[in-house]
Amino acid sequence: MAEKKRVQATVKTTKKATKKSILAEIFESAAVTFPEKETSDDPKVSKKCKILFVASEARPFIATGGLADVIGSLPQALAKDPTYDIRVVLPLYSEIKQEMRRKMTFHGNIYVPLSWRNQYCGVFSYLTGGVTFYFIDNEYYFKRPGCYGYYDDGERFAFFSKSVMEILPFIGFYPDILHCHDWQAALAAIYLKTDYCLRSEYEHIRAIFTVHNMEYQGKFSLDILGDLFGISNEYRHLVEYDGCINLMKGAIECCEKISTVSPTYAKEIESAQYAHGLEDIIRKNSFKLTGILNGIDTASYDPATDQALFANYNANELENKKICKSELQKMLGLPVKDVPMIAMITRLVAHKGLDLVKTVAEDILHEDVQFVLLGTGDFSYEEYFKDLGRRYEGKASVNIAFNGDLSRKIYSGADLFLMPSIAEPCGLSQMIASRYATVPLVRETGGLYDSIKPYGAGGNGFTFASCNPYDMLYVVHEAIDTYKNGEAWKTLMQRAATTDFSWSRSAEEYKKLYTDTFTIG
Ligand code: GLC
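Numbering-wise, my numbering puts 337 at position 342 of the sequence shown, and it's gapless, one number per residue.
This is how it looks when you write it as structure tokens:
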């Protein structure tokens, strides 16, 4: 009841306020610093900067890729600032474990209009790390294995996005910023800017769209614009591109700001090589675009405490890393010996640079090294690497799997982490490897370029620029030679392990982005 009153009160105030005064209020709130003893019952809490993340996955609830790592850790990093109220909305997939569901609070349900449909929408929440995660429940859309890959994904995420807009009065939270991630959340921004912004409670909400990967744009036939997405022809120009509906394009056009996950990728996507057809749209909207490098959850990825490791160590005491290596060798059936172990943990898809690896894999394996691969993906790569593993038994260990525990054992046990991506918006694996003192060898693209610098120039890893397998091979040889020089290698391991990949720096940049977005009238 008290909650309801508060909601009504908020609506009333917003209705009365002019645009200017709302902005002024937001500015004030951005500047407010709260004494530590204040609790959430404090009336000033309403002055916090309110950010609502909209995304399709987040750790620890559900994860298929790097997006889940970001949505599972950036909100917590931001929430450490008591002047921010950070919340997240996700779909309630059936694959979210029962033990987590049991801890959720059920808030009730509403009905969400989507074109001619009126669909059930249950609302659950789960508080963790100072962040409230809301879950949108509808078994018709989300009681299925996995997250994506269904014929009706467009309708599923349209329902999700529409639900995000509809639950705001229900949960009593009108954010200052709606922060949408990737195409699955693009429609939330599009609905906001084409429809909901006409309502006084929503008119002050600014929208940010973060591109985690330009490759996946959410493209659908134009025929379903009205029938499935409930978008009238009047707004067709916003989402239409290249003869179809392109939701990423729509969000880029609608949002006040767009960001992507590294400064270099933000520049790269202005060119056709990286933009997957959207380069013109990016260039046209480049005045809105910033690149902010992701961080990693340094508490979860900490070799000093990680329970999955055979032994724990830190940047100053690296001795135990040898145990991690020898135990991993035993586990994978490799001879226990002191040769450089080169690892890859990757999705087996072309843009990860696997064709570069294929071209020179045998040259690498003719050296006195070991090669360990973990990942799943395209059939042809899976078959190629399985075959390589068979032919180089005792030297190469190929594991076609997705296994969190084994991945941590590899991050800690290997010496060199190979990540020669053709395109990499940010990449988290090179940061995790680095944290575990496993030296990254990367191609200079996107976030790889922004996070790993060459050893020769005082950096924390090895890099090469062109998409040429022999350039990569040259640098692999350089790394092997450096490994043989124990002292040099130790210095390099320490540089890698002490590079700061925590969220604290990036969280500050996001806060600046939020403040810049508030200032847009
Ligand atoms: C996508 C990108 C990856 C990035 C991740 C998180 O998976 O491909 O480079 O690290 O999103 O932003």
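Here a beta-carbon is modelled for each residue, glycine too, at the ideal position from N, C-alpha and C.
Small disclaimer: the values here were computed from a predicted structure and weren't measured.
Report yes if the CB atom of residue i is closer than 7 Å to the CB atom of residue j, and no otherwise.
{"i": "residue 315", "j": "residue 303", "result": "no"}
{"i": "residue 412", "j": "residue 491", "result": "no"}
{"i": "residue 448", "j": "residue 441", "result": "no"}
{"i": "residue 443", "j": "residue 419", "result": "yes"}
{"i": "residue 154", "j": "residue 109", "result": "yes"}
{"i": "residue 433", "j": "residue 397", "result": "no"}
{"i": "residue 160", "j": "residue 186", "result": "yes"}
{"i": "residue 107", "j": "residue 70", "result": "no"}
{"i": "residue 459", "j": "residue 474", "result": "no"}
{"i": "residue 408", "j": "residue 323", "result": "yes"}
{"i": "residue 566", "j": "residue 423", "result": "Past the edges of the chain, shown from -4 to 516, lies residue 566, and the structure says nothing about it."}
{"i": "residue 242", "j": "residue 178", "result": "yes"}
{"i": "residue 496", "j": "residue 291", "result": "yes"}
{"i": "residue 445", "j": "residue 254", "result": "no"}
{"i": "residue 173", "j": "residue 85", "result": "no"}
{"i": "residue 50", "j": "residue 498", "result": "no"}
{"i": "residue 489", "j": "residue 310", "result": "yes"}
Out of the options, which has the shortest C-alpha to C-alpha gap to residue i?
{"i": "residue 209", "options": "480, 272, 312", "result": "272"}
{"i": "residue 175", "options": "195, 200, 194", "result": "200"}
{"i": "residue 301", "options": "85, 502, 399, 53", "result": "399"}
{"i": "residue 246", "options": "203, 218, 217, 80", "result": "203"}
{"i": "residue 132", "options": "90, 144, 146, 123", "result": "90"}
{"i": "residue 158", "options": "184, 341, 138", "result": "184"}
{"i": "residue 81", "options": "116, 123, 64", "result": "123"}
{"i": "residue 105", "options": "119, 93, 97", "result": "119"}
{"i": "residue 464", "options": "500, 414, 435, 488", "result": "414"}
{"i": "residue 277", "options": "471, 236, 288", "result": "236"}
{"i": "residue 115", "options": "446, 96, 121, 136", "result": "136"}
{"i": "residue 117", "options": "162, 152, 139, 74", "result": "162"}
{"i": "residue 192", "options": "249, 180, 291", "result": "249"}
{"i": "residue 52", "options": "96, 75, 142", "result": "142"}
{"i": "residue 98", "options": "144, 298, 121", "result": "121"}
{"i": "residue 494", "options": "113, 435, 146", "result": "435"}
{"i": "residue 239", "options": "213, 259, 227, 260", "result": "213"}
{"i": "residue 512", "options": "283, 439, 466", "result": "283"}
{"i": "residue 226", "options": "111, 438, 471", "result": "111"}
Take the Cβ of residue i as the centre, count every other Cβ of all protein chains shown within 10 Å, and call the residue buried at 16 or more, exposed below.
{"i": "residue 405", "result": "buried"}
{"i": "residue 486", "result": "exposed"}
{"i": "residue 57", "result": "buried"}
{"i": "residue 100", "result": "exposed"}
{"i": "residue 515", "result": "exposed"}
{"i": "residue 394", "result": "buried"}
{"i": "residue 93", "result": "exposed"}
{"i": "residue 507", "result": "exposed"}
{"i": "residue 570", "result": "A query on residue 570 cannot be resolved here, the shown segment of the chain reaching from -4 to 516 and no further."}
{"i": "residue 289", "result": "buried"}
{"i": "residue 270", "result": "buried"}
{"i": "residue 298", "result": "buried"}
{"i": "residue 170", "result": "buried"}
Using 8 Å for Cβ pairs, my map puts residue i next to residue j. What's the rounded Cβ distance?
{"i": "residue 521", "j": "residue 223", "result": "The shown model of the chain, from -4 to 516, leaves out residue 521, and the question about it has no answer."}
{"i": "residue 356", "j": "residue 313", "result": "Wrong, their Cβ atoms sit about 28 Å apart, outside the cutoff."}
{"i": "residue 205", "j": "residue 233", "result": "Not confirmed; about 19 Å, so no contact."}
{"i": "residue 565", "j": "residue 134", "result": "Residue 565 lies beyond the stretch modelled for the chain, which goes from -4 to 516, so this question has no answer here."}
{"i": "residue 334", "j": "residue 365", "result": "6 Å"}
{"i": "residue 274", "j": "residue 265", "result": "6 Å"}
{"i": "residue 360", "j": "residue 387", "result": "5 Å"}
{"i": "residue 416", "j": "residue 348", "result": "5 Å"}
{"i": "residue 402", "j": "residue 318", "result": "Contact doesn't hold; Cβ gap of about 18 Å is too wide."}
Please state whether DSSP places residue i in a helix, a strand or coil.
{"i": "residue 214", "result": "strand"}
{"i": "residue 347", "result": "helix"}
{"i": "residue 462", "result": "coil"}
{"i": "residue 207", "result": "coil"}
{"i": "residue 82", "result": "strand"}
{"i": "residue 226", "result": "coil"}
{"i": "residue 423", "result": "coil"}
{"i": "residue 472", "result": "helix"}
{"i": "residue 154", "result": "helix"}
{"i": "residue 358", "result": "helix"}
{"i": "residue 259", "result": "helix"}
{"i": "residue 194", "result": "coil"}
{"i": "residue 302", "result": "coil"}
{"i": "residue 376", "result": "helix"}
{"i": "residue 73", "result": "helix"}
{"i": "residue 397", "result": "coil"}
{"i": "residue 165", "result": "helix"}
{"i": "residue 326", "result": "helix"}
{"i": "residue 99", "result": "coil"}
{"i": "residue 441", "result": "helix"}
{"i": "residue 482", "result": "helix"}
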